[in-house]
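Notes for the one structure printed next.
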Amino acid sequence: MPPALAKGLVILVAFVAVPATLSAIGGGYLYQIAITALIFIILATSLNLVTGTAGLLSLGHAGFYGIGAYAAALISTRLGLPFLVTMPAAGLIAGAIGVLVALPTMRLVSIYFAVATLGIGEMIFVTLLNWIDFTRGPMGIRGIPPIELFGWQPASPMQQYMVVAATAAVSLWVLSRLTHSYFGNALRAVREDDQCAAAMGLDVVQLKIVAFGTSCFFAGVAGALLAHTANFISPDQFQFGESINILAMVVVGGLGSLPGAVIGALLLIILPEALRGIGDFRMIAIGSIMFFSILLLPKGLLGEASALRLLRHQFGEAWSGATGGRVGWR
Amino acid sequence: MSGAPMLEIVNLTRRFQGLIAVDAVSSTVNAHELVGLIGPNGAGKTTLFNLISGFIAPSEGDIRFEGRSLVGMRPHRIARLGIGRTFQNLRILPNMTVFDNVSIGALGTFGHAPWHALLPGRRARSRQISELTRDVLEQVRLTTWAGELAANLSYGRRKYLEIARALATRPKLLILDEPAAGLNESETAELADFIRGLIGRGLTVLLVEHDMALVMSICHRVIVLASGAKIADADPATVQRDPAVLDSYLGVRN
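Protein chains in written order, with the working numbering: chain A, 90 to 419; chain B, 140 to 393.
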């Protein structure tokens, strides 16, 4: 398949096939699930950049998702600024806070970094819960204005879906460039052997900070999308459990694999909805699916090596020199 | 620059608690020179390498590269100044392809800012990295393996992969830590030719090696360490006759 066709196909599915199908079989509620799935695709792929590609296990991703959601909610309800301002602002605030709190932890490795991010996530949650004057605490924030682009408000669920899908598409393009490029190679080298990477001239600390900051930025963007599409947010949406949920998406899909993270997010958002019929048993079903998928496919449904090969060959993100075959990155 | 040594080690000392791993070593490496560093196990050879490449800090003394002190400099800065190195226990990145492994060295040369992957001009920059990587792979004859995961390479080829990655940093000084370990005779001979070829192309090489025949046949000069201290620093023929060296290392005195 030529690369242009492969890319076109992805766009066709996201912007034509999916909305057409959703409209045909019922609309409203299905669009809500689709929007949630897109938000979690951004969360899972952004976590994948730092945890999968750069190898820094973050257990606080939901915290930065929460910072983004509250930033967008507060800026729009208190200052009356529109979506086009609140969304990037939410990303920048989450990214900046991410970099600030991560700076002292950047020399930590493996489980120590994980515990540090766990602590950061909890601090964010407790702040959202208890700083009542600012965040309204457990009452949450109501009446967040819906998405608006230059005065146009997407009224139907389908139009909302389109705006969220466009944001997700741009986010995925950036994350894909950062993963499927020589920059991605640098991150993978830091993960595999940071001393060796440093001996080759890579600034390991800078790479970790960029990966973590970018990851938090997109978590913030996802938070803004949630705030403006759900119109109500509260602290319990950004608890530790949600970080683990996002991590599960990445691991089930395949650590380090961006398409894997997309598949993982789709699976773990759509499955609970699809299994509503079996009531309380569905969490057991989902748990078993996670358990067996990891048992049978420990590298994930679409592991990193396969994903990189797929991207190089199908999406033309590769360089074929005189060596023949697609080996490098463009 | 002319006449001044490329690398100057001045009174370099490194202590680990009570142990003196490197004891007041002074020496130089001149441009285009192939210098061997030998000594029994635990003599401080690898510690000296780690001091030069910035992985550990000296307790005393100075290391100067092209006149600039490397003390306190982080490893990636030292690498970018033009000191490339390999590791004794190969540190290839097994889950990455051979091509991607070598590209890591090229990334150190061309930089790895995130916008290099995002902004216009990214194609041209990636092409530079790709071409340097390809050139180096050709030099070590790993081109046909470029798309293979590094984990699938044979031991001998991994050695060349490790050297290729260091070469992709475009070093002026290349530090090789026991490149011949585990190679058979014909492989070692091939490696000797390859290292000579590097000198012919204008590189400077500092070589730690246990294979005496290799060191004595290709090195211009040999530095001998024993218990952290330098006991000899001369051409191979002189070193081979040096009684102190024979006592402490070669262990044979006629």
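Quick reminder that beta carbons are idealized off the backbone N, C-alpha and C, glycines included.
As the structure is a computational prediction, the values presented were derived from the model and not from experiment.
Minimum Cβ-Cβ distance from residue i to chain B less than 8 angstroms
i	result
Val259/A	no
Met289/A	yes
Asn274/A	yes
Arg266/A	yes
Gly117/A	no
Ala396/A	no
Cys305/A	no
Ala278/A	yes
Ser135/A	no
Glu237/A	no
Val215/A	no
Ser147/A	no
Tyr159/A	no
Val310/A	no
Val139/A	no
Neighbour flag for residue i against chain A, beta carbons, 8 angstroms
i	result
Asn180/B	no
Asp316/B	no
Met140/B	Residue placement at Met140/B is poorly supported in this model, since its pLDDT is 45, which falls under 50; the coordinates are not used for a value here.
Ile268/B	yes
Ile243/B	yes
Arg219/B	yes
Pro259/B	no
Thr185/B	no
Leu337/B	no
Asp374/B	no
Pro197/B	no
Ala256/B	yes
Leu346/B	no
Tyr299/B	no
Leu146/B	no
Arg392/B	Reliability of the predicted coordinates at Arg392/B is poor, the pLDDT of 48 falling under 50, and no value is obtained from them.
His359/B	no
Met351/B	no
Leu232/B	yes
One or two residues paired with residue i in a DSSP bridge
i	result
Glu147/B	Thr167/B and Arg203/B
Phe155/B	Leu158/B
Ala373/B	Val361/B
Arg224/B	Ile314/B
Gly417/A	Trp408/A
Val344/B	Leu173/B and Leu313/B
Gly208/B	Just to set this straight, residue 208/B is Ser in the shown sequence, not Gly. DSSP lists Arg203/B as partners of Ser208/B.
Ile100/A	BP columns for Ile100/A are empty, so no partner.
Ala368/B	Ala365/B
Ile322/A	Ile230/A
Proximal chain B residues relative to residue i, where beta-carbon distance stays under 7 angstroms
i	result
Val339/A	None at all; the shortest Cβ gap to chain B is about 17 angstroms.
Gly144/A	Neighbours of Gly144/A on chain B: none; closest Cβ ~11 angstroms, over 7 angstroms.
Amino acids of chain B, ordered along the chain, whose beta-carbon sits closer than 9 angstroms to that of residue i
i	result
Gly414/A	Ala285 and Gly286
Gly97/A	Residues of chain B passing the Cβ test: none, with the nearest at roughly 20 angstroms.
Contacts that residue i makes with chain B (C-beta to C-beta distance below 8 angstroms)
i	result
Arg196/A	In chain order: nothing, as chain B lies at least about 12 angstroms away.
Gly410/A	Ser269, Glu270 and Arg273
Glu211/A	Per Cβ cutoff of 8 angstroms: no residues; Glu211/A is ~29 angstroms from chain B at best.
Gly180/A	Those do not exist, as Gly180/A stays about 15 angstroms from chain B at its closest Cβ, beyond 8 angstroms.
Within chain A, partners of residue i - CB distance below 8 angstroms
i	result
Arg155/B	For clarity, residue 155/B is Phe in the given sequence; the question names Arg instead. What Phe155/B touches in chain A: nothing, since even the nearest Cβ is about 18 angstroms away.
Pro214/B	Gln284, Ala287 and Ala288
Thr308/B	Met289 and Gly290
Residues that residue i contacts on chain A, provided the C-beta gap is smaller than 9 angstroms
i	result
Ser265/B	Ser270, Tyr271, Trp408, Gly417, Trp418 and Arg419
Gly211/B	Correct list: empty, because the minimum Cβ distance to chain A is about 15 angstroms.
For this session: Tell me the start and end of each unbroken alpha helix (DSSP H) in the segment 110 to 190 of chain A that is at least 4 residues and wholly inside, in chain order.
Result: Fully enclosed alpha helix (DSSP H) runs of no fewer than 4 residues occupy 117 to 136 and 150 to 168 of the segment 110 to 190 of chain A, in order along the chain.
Exercise. Can you give, in chain order, each stretch of the alpha helix (DSSP H) that sits fully within the segment 224 to 282 of chain A and has at least 4 residues?
Worked result: Entirely contained in the segment 224 to 282 of chain A, the alpha helix (DSSP H) runs reaching 4 residues are, in chain order, 246 to 268 and 271 to 281.
Exercise. Touching or not, the segment 178 to 192 of chain B and the segment 281 to 296 of chain B, by the rule of three or more beta carbon pairs under 8 angstroms?
Worked result: no
Problem set entry | the segment 257 to 271 of chain A touching the segment 245 to 255 of chain B, judged by at least three CB pairs closer than 8 angstroms | yes
Problem set entry | Length-filtered (4 minimum) alpha helix (DSSP H) runs lying within the segment 218 to 305 of chain B | 237 to 249 and 261 to 278
Exercise. Per the contact definition of three or more C-beta pairs closer than 8 angstroms, is the segment 167 to 186 of chain B in contact with the segment 346 to 366 of chain B?
Worked result: yes
For this session: Spell out a yes or no on whether the segment 100 to 114 of chain A and the segment 302 to 315 of chain A are touching, meaning 3 or more CB-CB pairs, one atom from each, closer than 8 angstroms.
Result: no
Problem set entry | the segment 342 to 354 of chain A in contact with the segment 196 to 215 of chain A per 3-pair CB rule at 8 angstroms | no
Exercise. Below 8 angstroms, can you find three or more Cβ-Cβ pairs linking the segment 239 to 257 of chain A to the segment 123 to 131 of chain A?
Worked result: yes
For this session: Could you say if the segment 334 to 348 of chain B and the segment 299 to 315 of chain B meet the contact criterion of at least three C-beta pairs nearer than 8 angstroms?
Result: yes
For this session: Report yes or no: do three or more beta-carbon pairs, one from the segment 283 to 290 of chain A and one from the segment 205 to 218 of chain B, lie closer than 8 angstroms?
Result: yes
Exercise. Are at least three pairs of beta-carbons, each pair with one atom in the segment 313 to 327 of chain A and one in the segment 221 to 228 of chain A, less than 8 angstroms apart?
Worked result: yes
Problem set entry | Meets three-Cβ-pair contact criterion under 8 angstroms: the segment 188 to 202 of chain A and the segment 368 to 384 of chain A | no
Exercise. Pairing CB atoms from the segment 345 to 358 of chain A with CB atoms from the segment 388 to 396 of chain A, are three or more of them under 8 angstroms?
Worked result: yes
Exercise. Is it a yes or a no for the segment 149 to 166 of chain B touching the segment 288 to 298 of chain B, going by three-plus beta-carbon pairs under 8 angstroms?
Worked result: no
For this session: Pick out the complete alpha helix (DSSP H) segments inside the segment 291 to 357 of chain A, 4 residues or longer, and give them in chain order.
Result: 293 to 319 and 329 to 342
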